[in-house]
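Residue numbers (our numbering): -4 to 296. Cβ atoms here follow ideal geometry from the backbone N, Cα and C, with glycine treated the same way. From a predicted model like this one, the values you see are computed outputs, not experimental measurements.
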């Protein structure tokens, strides 16, 4: 009798364990579906303005201003993209080239300075190190518009006003502190023992930086690069004041030429905006995995 009771209890316990595991699996699956649904809704909300922009670039002005609005174009106007390039007062091919050149060279300049600066601050505990890093972060509170008057005077004095070089220097200066700060955390997360082992193998400090440390902080470099590129790509205020020649101005400034006091060519505004985000979207698509790795790894020590 005792053996039968023990057997029944054993079977009952196994059944309860199986039911509990099945219940947990069902609950986990339902949880995944709920999170997926929330993610889809949030993604749709974030993508909605871009969808409106792309569809608006394929409408004529009358349809864009129609009330109630039409979401899908009744008549498709892909010719808006061809027409916007032929606008005499706005040389868009030059504006796009200007945006690319300023963004690329400013980003390269930022990385050339930020990488060794971040490495030095992460590996050397010099007096005032904490104060220095704090000041680096404080400079992020300053915007080009605050210093634009002084910048223009300096650029006129050295003869580089209304040049790409001026905007490369401005963008590099105002993005350098962010790059130093984010790369500092990545270099600081590398165990010192790895570099000490490299020193025992006869590597110099510079060789350690190039051959050992840089590959380990590559996700951080990608993260800093994408943020600096986007910042330079979208910069408007300083470019509007410093660059006065239409051919030297970036797309962000050229876009304002289609916005008038009494009339706005919204179809061209949407078309230029669509063209303007394509290079950034492509850049994100190419380095998405490294960007995500950089954003998640930098906070883990």
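Between the Cα of residue 160 and the Cα atoms of 216, 94, 178, 209, which residue gives the shortest distance? 94
Give me, in chain order, the residues of the same chain whose beta-carbon lies closer than 8 Å to that of residue 73; leave out the 5 immediate sequence neighbours on both sides. 53
Contacting residues, own chain, Cβ-Cβ under 8 Å from residue 334 (five flanking each side not counted): Absent from the structure is residue 334, since the part of the chain shown begins at -4 and ends at 296.
Quick check: residue 267 and residue 79, are their CB atoms within less than 8 Å of each other? yes
Whose C-alpha, out of 258, 34, 216, 22, is nearest the C-alpha of residue 107? 216
Determine the burial state of residue 199: buried for a count of at least 16 other Cβ atoms within 10 Å of its Cβ, exposed for fewer. exposed
Limits of the alpha helix (DSSP H) - the one that residue 169 falls within: 159 to 183
On the premise that residue 235 lies in contact with residue 157, defined as a C-beta separation below 8 Å, what is that separation, rounded to the nearest angstrom? Their Cβ separation, rounded to whole angstroms, is 12 Å, which puts residue 157 and residue 235 out of contact at 8 Å.
Please state whether the Cβ-Cβ distance between residue 264 and residue 254 is less than 8 Å. yes
Measuring alpha carbon to alpha carbon, tell me which residue in 59, 55, 63, 69 is nearest residue 76. Nearest of 59, 55, 63, 69 to residue 76, Cα basis: 55.
For the alpha helix (DSSP H) holding residue 274, just list the boundary residues, first then last. That run of the alpha helix (DSSP H) goes 261 to 281.
Since residue 154 is in the alpha helix (DSSP H), which residue starts that stretch and which ends it? Note, residue 154: premise wrong, no alpha helix (DSSP H); not H, not E.
From this set, 89, 36, 70, which residue's C-alpha is nearest residue 243's C-alpha? Comparing Cα-Cα distances from residue 243 to each of 89, 36, 70, the minimum goes to 89.
Here's the rule I'm using: 16 or more other beta-carbon atoms within 10 Å means buried, otherwise exposed. How should residue 97 be labelled? buried
Residues near residue 59 in its chain [Cβ-Cβ closer than 7 Å; skip 5 each side]: 51, 261, 262
As assigned by DSSP and simplified to three states, the class of residue 205: helix
Taking DSSP as the reference, what is the three-state secondary structure of residue 126? DSSP places residue 126 within a helical segment (H, G or I) once states are collapsed to three.
For the alpha helix (DSSP H) that residue 247 lies in, which residues bound it at each end? Residue 247 -> alpha helix (DSSP H) spans 246 to 249.
Give me the Cα-Cα distance between residue 276 and residue 153, rounded to the nearest whole angstrom. 37 Å
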